[in-house]
Structure formats: structure tokens, C-alpha cells
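As C-alpha cells, the structure follows; a few thoughts come after it.
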Amino acid sequence: MGLPDGSDQGPQQTQALLSATQEMELQRRDYHVERPLLNQEQLEDLGHWGPVPKTYQWRTWFQCSRARAHALLLQHIPVLGWLPRYPVREWLLGDLLSGLSVAIMQLPQGLAYALLAGLPPMFGLYSSFYPVFVYFLFGTSRHISVGTFAVMSVMVGSVTESLTEDEAFLQGLNATVDDARVQVAYTLSFLVGLFQVGLGLVHFGFVVTYLSEPLVRSYTTAASMQVLISQLKYVFGVKPRSHSGPLSVIYTVLEVCAQLPETVPGTVITAFVAGVVLVLVKLLNEKLQRHLPLPIPGELLTLIGATGISYGVKLNERFKVDIVGNITTGLIPPVAPKIELFETLVGNAFAIAVVGFAIAISLGKIFALRHGYRVDSNQELVALGLSNLIGGLFQCFPVSCSMSRTLVQESTGGNTQVAGAVSSLFILLIILKLGELFRDLPKANRVDLLIWLVTFVATILLNLDIGLAVSIVFSLLLVVVRMQLPHYSILGQVPDTDIYRDVAEYSGAKEVPGVMVFRSSATMYFANAEFYSDSLKKKCGVDVDRLISQKRKRIKKQQMKMKRMKKAKKSQKQAASSNISSVSVNVKTSFEDIKSNDVEGSEAKVHQGEALQDVVANNQEDDKAATVITLKSLGLPQPGFHSLVLDLSPLSFVDTVCIKNLKNIFRDFREIEVEVFIAACYSPVVTQLEAGNFFDDSITKQHLFASVHDAVTFALHHRKSGSNSPVLATKL
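Position one of the sequence shown corresponds to residue 6 (the numbering used here), numbered consecutively onward.
Encoded structure:
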């Protein structure tokens with residue numbers, strides 16, 4: 006086999022860009038391969054193919070050591086891992102402001118969502134305290150806000166209202182309607198927690214792999230629709246019957262419409278005014294967000310204003326507007342769940358457990374991807390389950406992750422669950438001392454606004470739990486049709502050929518020095534994109550994320566050092582300028598010194614002035630010179646390869662998640678001074694990459710080669726050119 010004889014290719018904007026002359030010369034050249042025709046049997050014989058030895062992971066399960074025990078402890082109680090390393094100076098202020106902002110939202114939402122669940126409002130505050138603090142200890146997401154959530158409250162409300170309508174059920178519990186609903190709610194929370202903890206321990210978290218981004222967005226939109234419809238009765242002051250099961254949303258809308266003649270005008274006006282105020286405050290926050298340290302708390306201001314107006318005007322007595330009523334203060338002792346209700350609630354508890362987890366892990370994944378960390382889906386199940394399990398003992402109803410509060414927690418500077426702990430402590434203060442101040446709050450509360458208009462018809466028509474099941478089953482069917490279990494491999498060159506095979510299977514295949522070739526046996530899309538990146542970083546033998554983190558820290562130190570140097574140079578320049586001025590005066594009088602036979606003194610002063618001028622000039626040149634920072638100059642280990650080739654021949658299609666993942670791979674490996682190339686893409690895949698805006702100024706079609714061997718050959722010859730690429734160097 007012969008390779009093209011040497012022509013150096015130099016970069017223009019990236020390492021793979023060629024000058025026009027070199028590109029034309031390269032197009033006129035080709036390489037020729039002379040080898041016998043190889044069938045699969047001959048290829049295996051030439052490459053010394055052999056099966057990969059099997060490894061049995063279960064053998065490691067029974068190994069005991071101090072390190073393993075420590076790892077298990079940190080895995081199941083994550084707070085012990087991150088809290089001791091908490092960067093107080095960088096993150097504490099942001100977490101405090103974020104926690105207060107979330108607590109301001111959590112107060113009215115807790116009161117309102119308790120009403121959606123058919124419970125006295127005080128239990129909404131309990132559910133905003135205990136579960137949040139438990140999640141702080143056991144959760145792995147840094148940004149989601151756990152607590153009361155409208156979707157969960159609606160599901161709980163459908164259970165409590167349907168059961169307590171039965172007189173025989175109330176007699177069996179020997180309780181009033183309100184007491185019976187509370188008992189059903191906290192028993193339901195306990196069961197939900199049991200299911201979630203159990204599913205987490207058996208690693209049921211794998212199901213989140215099949216929750217694609219379109220599915221999550223459509224499902225949350227449908228949930229918002231259900232929340233909107235569930236609050237219509239509070240907006241109009243009517244009392245329709247409770248409906249559950251398929252088409253319950255349709256029945257609720259029809260019944261509310263039938264009762265519109267019974268609308269309470271005071272309730273409608275209160276809801277309208279509160280809605281207008283919230284919208285205006287939101288628009289004001291968007292306009293002034295650059296000038297405000299934290300958003301104006303529209304929810305809290307509306308809450309305080311509505312309570313004050315209700316108390317002063319006597320809305321309940323004069324206009325028949327329902328109010329929250331008495332709110333008891335202080336904590337309550339734990340109670341045991343009603344075991345006799347387990348059989349009745351087990352089906353609803355499982356549905357609520359799955360729905361709550363699906364919402365929480367979906368939002369957790371979105372924010373983890375945005376901020377560059379990972380959430381453990383199984384530990385999230387355990388954390389959410391313990392939140393509901395322990396919350397059930399303190400008379401809380403089932404909780405999950407709130408979409409609106411999570412957005413506020415992230416946008417106001419929250420970095421960790423310290424923000425959640427701060428918000429829970431604020432709610433504790435309300436429970437202990439301030440709850441009674443909100444007894445006159447009107448019940449016409451705000452609704453979660455619709456974010457997206459597209460929804461799954463199944464979720465709208467068949468209710469939340471059945472709609473989620475249909476969505477997941479449909480997604481699984483698509484996955485079964487389009488995907489097999491992938492096998493990730495590092496490829497090596499079979500001697501004297503342009504063929505590349507798995508080095509674990511072919512002992513004769515050798516990795517090309519300085520170039521790593523990586524391939525997956527399956528197409529990459531939303532379900533396995535994360536696994537693709539993880540396997541790539543694991544097999545390349547470099548802890549990419551840790552190396553990037555160390556590089557950024559050291560660059561930050563270098564920047565601080567350069568700032569100090571610039572300040573020192575500036576002071577030197579000022580001192581030099583003043584010295585030059587004084588020397589120039591002496592030079593002017595030096596001719597009189599010569600006349601007085603003081604020649605040596607005047608010459609010394611002239612030389613001194615020239616030297617100071619040279620110092621100033623040199624300092625100016627140093628300021629203009631850019632400092633190039635590399636891993637080597639930072640004292641960090643360099644990867645054992647300079648180029649990475651991704652064999653994308655198995656790709657039959659790409660989606661938005663795949664494109665984002667490929668861009669992230671380019672970004673991460675370039676940051677550790679490794680250039681990335683892709684090879685063997687089929688034409689439809691290239692078309693999809695173009696449609697997804699994959700190519701830009703930094704990633705062009707010159708990074709894509711017809712075959713793996715073309716990419717490897719280019720990488721080797723380009724490396725020999727010895728030029729420094731702006732992509733691989735950091736300038737300060």
C-alpha cells in the first residue's frame with residue numbers, strides 16, 4: 006500500500022482548513038492500494054481474529070473493601086460528597102438568592118395546590134418543607150425544585166374526592182370528609198414513596214432512556230392543560246362533580262360550562278385582577294432583568310395584596326368569595342399510614358409514582374445537560390421516594406418537581422440544592438409563625454400558563470397516567486424497530502491494508518500512533534447519545550472532563566496573574582515616563598556641563614535616558630504579545646493521541662440530540678488539544694447534518710472524509726506540518 010508523498014497542509018481558521026493552492030494540489034493526488042481480494046474468512050485469518058474474553062460484572066458485587074463502602078455511601082447519600090467541597094465564595098450568594106426566590110413562589114403554590122388536592126391549605130406548606138429537605142440530602146440534581154406540583158395535586162385530588170364521596174368509606178374510617186381526605190392523601194404519599202424507593206433499588210431508572218425530549222415536552226404541555234382545566238372551578242366559583250379516568254377533562258369542561266350561570270362575579274374579578282398583575286410583573290421583570298439583582302416577587306406581592314384587600318373589603322362576607330380560612334401554626338407529630346387503605350390506593354399510588362418520577366427526571370436531565378453534569382436516574386428515584394415516604398409520615402401529600410420553580414431556581418443563580426434547603430427553611434418559618442397571616446387569602450389563584458401548544462392527544466383524552474403509559478410504550482416500540490444494543494470499539498489498522506477493525510477482536514490490527522479511531526455498532530440518537538459520549542471518553546484512556554476542569558482552573562489562575570502583571574507594568578510605565586521627563590531636562594543642559602569640563606556626568610545622564618526609553622518600548626511590545634496557553638505550559642498531562650476519528654458508518658439517521666452530542670465531542674476534545682474528524686457518513690446522513698446546522702465556521706465539510714483511512718491519512722500528514730491551530734490553543 007502506498008500513501009501520498011509529502012505535502013504539508015496548513016490551517017487557516019481550524020486545523021483541517023487548507024490554503025487554496027494546497028487544496029487544489031491535494032485534489033489532483035490520490036493513494037493506491039495493492040492487496041489481494043479478501044473475503045471475511047481470509048480477513049479474519051490475516052488479522053488473527055479471536056473472540057473477546059467475557060467479563061462477569063456480578064463478581065464485583067460481592068467484593069468488600071473500604072473504598073467500595075465509601076463509594077456506596079457517597080452514591081446513596083450524595084450530599085456527603087458535594088457539600089464538603091462546596092465553594093462558599095462562588096456559590097453561596099447565588100444559592101441564597103435563588104432559595105429565597107423559590108420560597109416566595111413556593112408559599113402561594115403550596116397553599117393553592119393543597120386546594121387542588123382537596124386538602125386544607127396548611128398541608129401544602131407541610132409538603133413544601135419536609136420533602137424538599139429530604140431531597141437536599143439524597144438528590145443528585147443541582148437545579149430542580151422538589152415540592153408541591155399541580156399535576157400531582159390534581160391526581161391526588163381526583164383520588165381523595167372520589168373516595169370521600171362514598172358514605173360507607175367515611176364510616177369505615179370513622180372520620181369527617183376533611184379528615185378522611187387528609188388520611189387518604191398522606192397514606193397515598195407513603196405508598197408512592199414505597200414504590201419509588203423500591204423501583205430505584207431495582208434500577209428501574211433505565212426507563213428514562215426512552216423519554217425523548219419531544220415526549221417530555223408534549224407530556225408536560227398536556228399536564229399544563231389539565232392543571233388549567235382543573236382550576237376553572239376556582240376561577241368561576243362553581244362546584245362541578247369530580248371526574249377521573251379517560252375523558253375526565255372533557256367531562257369537567259362540559260360541566261363547568263353548564264354551571265356558568267352560577268358564576269360568582271367577585272371570584273371572577275379577583276382572578277382576573279390577579280392574573281393581570283402577574284402578567285405585568287412578568288413583563289416588567291423581563292424588561293429590567295439586567296438591572297435587577299433578582300426578579301420582582303410578583304407572586305408574593307399578589308399574595309400579600311390579595312390578602313390585604315380581602316381582609317379590608319371583606320370579600321368573603323360581601324361578595325361571597327371563598328377564602329383560605331384558618332391556618333394553624335406549628336409542626337405536627339408524625340403519624341402512621343392507614344394500612345387498611347393500602348389495597349384501595351395501590352393502583353393510584355403506582356400511577357402517581359411513575360408520573361412524578363417521569364416529570365422530575367425529565368427536568369433533571371434537561372438542566373444537567375445544560376450545566377454539564379449528570380443525574381443518577383436510580384438515585385433520583387430513591388431520593389424522590391424517600392421525600393414522599395418521609396413526607397407521608399408527616400401528613401404530606403405526594404410531591405414531584407415543579408417546572409416553574411425549577412426555572413426560577415436556575416435563572417436566579419442557584420447552583421446546588423443549598424437553594425432548596427434555604428427555601429424549605431423559609432417555609433418552616435411560615436409554618437411556625439406567619440401562616441395565620443394568610444387566612445384571608447382568596448382562593449382564586451393563578452394557573453400555570455401554557456408554554457407549548459402541541460400535546461399528545463392520548464394524554465389529554467386518556468388522563469395523565471394512561472397518557473404517559475401510551476407515550477412510553479409507543480416510544481419503546483420505535484426503539485425496538487430502530488435500535489440494537491450498541492457495541493463500542495477502538496479500531497486499528499489491519500497491516501498493509503486500508504481496513505480498520507476492532508483491536509479487541511483482531512490481535513493483528515494495530516492502532517495508528519497519534520490517531521484514535523472510535524466506532525459504535527448502532528446509530529446514535531436520543532436514547533444512546535449519552536452512552537456514546539461516555540464510552541468514547543472511557544475507551545480513549547483520558548479523563549476528559551477532569552482534564553478540562555483542571556485546565557480551566559489553571560487558566561483562571563494565569564488570568565489573575567496576568568492582571569497583576571499588567572498593573573505592575575502600568576506602574577513601571579508611569580515611573581519611567583516621569584524619569585524620562587527629568588532626564589530630558591538634564592540632556593538640554595548637558596552642553597553647559599561640557600563647557601564646564603563635566604563631560605562624564607552629562608554622558609552618564611544621556612545613557613540613563615536612553616535606557617529608560619528602551620524599557621518603556623520593551624514593555625509596550627510585551628503588552629502587544631499574546632500569551633498562548635497549552636496543556637504542556639500549564640503543567641497538565643497531554644493525551645496520547647493528537648487526532649480522533651469517529652467512524653459514523655453505522656449511522657442511518659441523526660436527530661437533534663445526536664447533532665448536539667457530536668458538537669459537544671468536538672468542543673471537549675479540542676479543549677484538550679485533540680482535533681476531531683468524522684468519516685464514512687452516508688449521503689442522507691450528511692444531508693440531515695446540514696439541515697440540523699451541524700456545519701459552521703469551526704466544523705466544516707473538510708472535517709468529514711469518505712473513509713476512515715482518508716481521515717487517518719489526513720490527520721497524520723496534517724500533524725507533520727507542525728502548525729499551531731487556534732482551535733487547539735488558548736490565548737490570554
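Just so it is clear, CB atoms sit at the ideal spot from N, CA and C, and this is done for glycine as well.
Keep in mind that this is a model prediction, so the values were computed, not measured.
Residue environment, residue i, which counts as buried when at least 16 other CB atoms sit within 10 Å
i: S3; result: No answer is possible for residue 3: the residues shown for the chain start at 6 and end at 737.
i: F719; result: buried
i: E680; result: buried
i: H376; result: exposed
i: S133; result: buried
i: H75; result: exposed
i: Y135; result: buried
i: A263; result: exposed
i: G198; result: buried
i: A514; result: buried
i: C401; result: buried
i: H5; result: The structure shown does not extend to residue 5, since the chain is modelled only from 6 to 737, so the question has no answer here.
i: K556; result: buried
i: G177; result: exposed
i: V604; result: In this predicted model, V604 has a pLDDT of only 43, less than 50, meaning its place in the structure is not dependable enough to derive any value.
For residue i, three-class secondary structure by DSSP
i: C262; result: helix
i: C663; result: helix
i: I337; result: coil
i: L641; result: coil
i: E678; result: coil
i: G177; result: helix
i: V650; result: strand
i: A616; result: Bear in mind that a pLDDT of 45 at A616, under 50, signals an unreliable position, so the model cannot answer this.
i: Y191; result: helix
i: I301; result: coil
i: I634; result: strand
i: Y687; result: coil
i: V717; result: helix
i: G271; result: helix
i: L289; result: helix
i: S150; result: strand
i: L233; result: helix
Neighbourhood of residue i by C-beta, 6 Å cutoff - its chain only, sequence neighbours within 5 removed
i: C663; result: M529, Y530 and A534
i: L204; result: L386
i: L398; result: P339
i: F699; result: I664
i: S688; result: none
i: A630; result: Residue confidence is low: A630 scores 42 on pLDDT, short of 50, so the model does not pin down where it sits. Its coordinate-derived value is still stated next. Contacts found: none.
i: K544; result: I495
i: I683; result: L651, L653 and L709
Contact set for residue i: own chain, Cβ-Cβ below 7 Å, skip 5 residues either direction
i: S540; result: Y493
i: S103; result: Q414, T417, G418, G419 and A424
i: P125; result: A119 and D183
i: F646; result: G519, V520, M521 and V679
i: L78; result: L85
Sub-7 Å separation of residue i and residue j beta-carbons
i: G52; j: R506; result: yes
i: S407; j: G115; result: no
i: T268; j: I234; result: no
i: C686; j: L653; result: yes
i: I553; j: I634; result: no
i: L142; j: V84; result: yes
i: F355; j: F200; result: yes
i: G369; j: S405; result: no
i: V261; j: P251; result: no
i: T410; j: V107; result: The residue you asked about is not Thr; residue 410 is Arg in the sequence shown. Contact: yes.
i: V380; j: A388; result: no
i: A231; j: V159; result: Reading off the sequence, residue 231 comes out as Gln, not Ala. Going by C-beta atoms, Q231 is nearer than 7 Å to V159.
i: S428; j: Q111; result: yes
i: R90; j: T421; result: no
i: S392; j: V139; result: yes
Cut-off 8 Å between Cβ atoms - residues of its own chain near residue i, not counting five sequence neighbours on either side
i: L350; result: V164, V189, T192, L193 and L196
Near the ligand FMN: residue i beta-carbon under 6 Å from a heavy atom
i: T705; result: The ligand FMN is absent from the structure shown, which contains no ligands of any kind.
(request) Pick out the complete beta strand (DSSP E) segments inside the region 495–569, 3 residues or longer, and give them in chain order. (result) 505–507 and 520–525
(message) Give the list of continuous alpha helix (DSSP H) stretches no shorter than 4 residues that lie fully inside the region 345–394.
(response) 347–376
(request) Quick one: which unbroken alpha helix (DSSP H) runs of 4-plus residues sit fully inside the region 80–138? Chain order, please. (result) 84–87, 93–121 and 127–131
(message) Please give the ranges of any alpha helix (DSSP H) in the region 398–428, keeping only runs that are unbroken, at least 4 residues long and fully inside the region.
(response) 408–416
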